[in-house]
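Using this note's numbering, you'd call the opening residue of the sequence shown number -1 and step up by one each time.
The beta-carbon is built from N, C-alpha and C at its ideal position, and this holds for glycine as well.
None of these values were measured; they are calculated from a predicted model.
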Amino acid sequence: MEIINFTPYSALIGGALIGLSAAVLLLFKGRIAGISGIAGGVILPEKDDIPWRILFLVGLVVGGVFYQLFGISPSVENIQPVTGKVGLILAGLLVGIGSALGTGCTSGHGICGLARRSFRSLVATLTFMLTAMITVFIVRHLVGGA
């Protein structure tokens, strides 16, 4: 297997920043940094609960823009999606349904839940990882994708 985009330093820095942001949000707002929960709280808000959620989501987008502006991001010209728009919409819906069924997303369970030693988050994260491995196997070896 060929490793094409091995970026240990940016991955280490990114992981540290994700952990730091999760810790800061928990410390100052008492909230878990699960993206599906944060986004869901914008759609179905509670009183005085929208500003920090919007700021968090905007920060995700702005962080990606800064990453590209400073020329840090790897080249993406050769990346080709393995599906069309319908497949991407279906994938997004399945992720949303999975987040609702698992009462949280990968960031909420995998980063924050595991840090709190939550058994439910451990089971959810193992389920996410196993499902991802099975999906990659099916797409690459059975369907004939990338």
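Excluding its 5 nearest sequence neighbours in each direction, phenylalanine 126 has C-beta neighbours in its own chain below 6 Å: Thr104, listed in chain order. In this structure, isoleucine 36 sits away from phenylalanine 64, with a CB-CB distance that is not shorter than 8 Å. Glycine 111 and valine 84 have their C-alpha atoms some 32 Å from each other. When the alpha-carbon of threonine 123 is set against those of Trp50, Val134 and Ser97, the nearest one is in Ser97. C-alpha of isoleucine 48 to C-alpha of leucine 42: approximately 9 Å in a straight line.
Using a Cβ distance threshold of 8 Å, isoleucine 109 and glycine 28 do not count as a contacting pair.
Beyond the five residues adjoining it in sequence on each side, isoleucine 33 comes within less than 6 Å, by CB distance, of Cys103 and Ser105 in the same chain, given in chain order. Positions of the alpha helix (DSSP H) runs, each at least 4 residues long and wholly inside the region 20 to 106, are given as 33 to 41, 48 to 67 and 83 to 99 in order along the chain.
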